[in-house]
Amino acid sequence: MSPSTSSRVALVTGANRGLGRALAQALAAQGLHVVVTARTYDDADRTAAELRAEGRGLAVSGRQLDVTDPASVVRAFADTAYEHGRLDVLVNNAAVALDRTRTVTEADLEIVQATMDTNVLGVWRCCAEAVPVMRENGYGRILNVTSHMGSLTGMGSTSPAYRISKAALNAYTLALAAEVEGEGILVNAASPGLAATRLAYGSATQSAQEAARDMLWLALLPDNGPRGGLFHGTQPLAP
Ligand SMILES: NC(=O)c1ccc[n+]([C@@H]2O[C@H](COP(=O)([O-])OP(=O)(O)OC[C@H]3O[C@@H](n4cnc5c(N)ncnc54)[C@H](OP(=O)(O)O)[C@@H]3O)[C@@H](O)[C@H]2O)c1
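Just add 984 to wherever you are in the sequence shown, counting from 1, and you've got the numbering used here.
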């Protein structure tokens, strides 16, 4: 059975700006305790302090978490579990898009490797730490932030590392969802569409807050909610 909203603890990666910050704020506004994480201690602490100041009474704390650093990932999840005794929601938001000007044949494989390390292995590392804690309580919601660019249907050739990393993330989402079926842990992915953040390079159609609001439901699903789904808003995203 779902724990009450106010007793739930959520952790958001890459929460110091963009969609991660907006998602963290939206979750805290729902009454959850939100652990905002960022690559640096300063960004994590500053963002948590800002969110607490913006919304009176919001329960927000900051932790350093670099998804490419295994020690940092282990420490952030262990400290969260130690402090709160639980982890109910994980939002895997952190990502990089480094090869906008490249094509498949012109790809720089060091950039491909760095992109995979953050966008795919980073999520894998975080879930490896989060799932055992969720299993202890028989409850978990994992939201992986994907992109329309990762859909195999209509795959394009620009930004190849980013596209292929998000396609791999979609596959990872389905595989993990299948493994934890029946354990109270619902794993899904959502694409925000184009949102006004640094990553979108000015081509946005909505604010980060609007995009976050449309994805939030997947972090707050009832026990009979979907699992192993790819979404844009509440609509299925082409696989
Ligand atoms: N904006 C869009 O239109 C759009 C469209 C489709 C999908 N998305 C997805 O939405 C998510 C959020 O993107 P955004 O638009 O908000 O981009 P953003 O403004 O560039 O934010 C990316 C966040 O990820 C963090 N990050 C990068 N590498 C990290 C690492 N190794 N460890 C921890 N954090 C790391 C960044 O931290 P630093 O500040 O330290 O760099 C930043 O907080 C991503 O998964 C992205 O693929 C966005």
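Backbone N, C-alpha and C fix where the C-beta goes; we use that ideal spot for every residue, glycine too.
Quiz prompt | First through last residue of the alpha helix (DSSP H) which encompasses Thr1064 | solution = Here the alpha helix (DSSP H) through Thr1064 covers 1054-1068.
Practice problem: Would you mind sorting Ala1062 into buried or exposed? The rule is 16 or more other CB atoms within 10 Å of its CB. | Solution: Ala1062 should be labelled exposed.
Quiz prompt | Assigned secondary structure, Asn1077 (DSSP; H/G/I helix, E/B strand, else coil) | solution = In this structure, DSSP gives Asn1077 a state outside helix and strand, which the three-state scheme calls coil.
Quiz prompt | The beta strand (DSSP E) enclosing Arg1125, as first and last residue numbers | solution = Segment 1124-1129, the beta strand (DSSP E) holding Arg1125.
Quiz item: In terms of DSSP beta bridges, what is Gly1046 paired with?
Solution: Partner(s): Val1020.
Quiz item: Can you find a heavy atom of ligand 3 that lies under 7 Å from the Cβ of Val1129?
Solution: This structure simply doesn't include ligand 3; it includes ligand 1 instead.
Quiz item: Thinking C-alpha only, which one of Pro1176, Ala1203, Leu1200, Asn1121 is nearest Gln1190?
Solution: Per the Cα distances, Pro1176.
Quiz prompt | Assigned exposure category for Ala1081 - 16 Cβ within 10 Å defines buried | solution = Under the 10 Å beta carbon count, Ala1081 is surrounded by 16 or more other beta carbons and is classified as buried.
Self-check item: Candidates Thr1102, Leu1204, Arg1197: closest to Gly1217 by CA position
Solution: The shortest C-alpha separation from Gly1217 is found at Arg1197.
Quiz item: What are the complete beta strand (DSSP E) segments, minimum 3 residues, inside the segment 1149-1211?
Solution: Entirely contained in the segment 1149-1211, the beta strand (DSSP E) runs reaching 3 residues are, in chain order, 1169-1174.
Practice problem: Give the single residue among Ala1184, Glu1194, Ala1173, Ser1187 whose Cα lies nearest to the Cα of Gln1219. | Solution: Of Ala1184, Glu1194, Ala1173, Ser1187, the residue nearest in Cα terms is Ala1173.
Self-check item: Gly1186 to Trp1201 span [Cα, whole Å]
Solution: Just so you know, the alpha carbons of Gly1186 and Trp1201 end up roughly 26 Å apart.
Self-check item: Distance between Thr1102 and Ser1149 (C-alpha atoms, nearest Å)
Solution: The straight-line gap from Cα to Cα measures roughly 9 Å.
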